[in-house]
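Just so we're aligned: 138 in the working numbering is position 70 of the sequence shown, and the numbers increase by one with no gaps anywhere.
C-beta atoms are modelled at their ideal positions from N, C-alpha and C, and glycine is treated no differently.
Down below is the structure, laid out as structure tokens.
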Amino acid sequence: MRDYINRYFNDLDFRYTVYSNMLHIINYNKIISLEDNRISILYNNKRIIFKGNNFILKKMLDNEVLIRGVVLGVEVNDI
């Protein structure tokens, strides 16, 4: 149980979760661009591009964002 709690609080892996009208992204390096139909994120040597509709920034914390909108696709490119 202690290891589980420690991993939860010290989680450093990049991750995104797509909900019906939300996108939650954690542990990224930098937001390159945030537009109403496209979000570009930098993580290590990769650019992750989320394409969709009506993106609106709802919450932003250190290395964590919550975006409202509909995700239609994800593209990953090496830099």
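Return the chain-ordered list of same chain residues with a C-beta closer than 7 angstroms to the C-beta of Thr85, the five sequence neighbours on each side being excluded. Mapped onto the sequence shown, residue 85 falls at position 17. His92.
Which term fits Ile109, buried or exposed, when burial requires 16 or more other beta carbons within 10 angstroms of its beta carbon? Residue numbering aside, residue 109 sits at position 41 when the sequence shown is read from its first letter. Ile109 is buried by the Cβ-count criterion.
Which value, in whole angstroms, describes the spacing of the CA atoms of Asp79 and Lys127? Sequence index remark: in the sequence shown, residue 79 carries index 11 (1-based). Sequence index remark: in the sequence shown, residue 127 carries index 59 (1-based). One C-alpha to the other measures close to 19 angstroms.
Work out the CA separation of Lys98 and Asp130 for me, nearest whole Å. By 1-based counting over the sequence shown, the position of residue 130 is 62. By 1-based counting over the sequence shown, the position of residue 98 is 30. Those two C-alpha atoms are separated by around 10 angstroms.
Could you tell me which of Asp71, Tyr87 and Asp146 sits nearest to Asn112, measuring between CA atoms? Along the sequence shown, read from residue 1 onward, the residue named residue 112 stands at position 44. Minimum Cα distance to Asn112 is reached at Asp146.
In angstroms with no decimal places, state the Cα-to-Cα distance between Leu102 and Gly141. As a working note, residue 102 is residue 34 in the sequence shown. As a working note, residue 141 is residue 73 in the sequence shown. Each residue's Cα considered, the two are about 15 angstroms apart.
Please list the segments of the alpha helix (DSSP H) lying wholly inside the region 70-119, counting only runs of 4 or more residues, in order along the chain. 70-77
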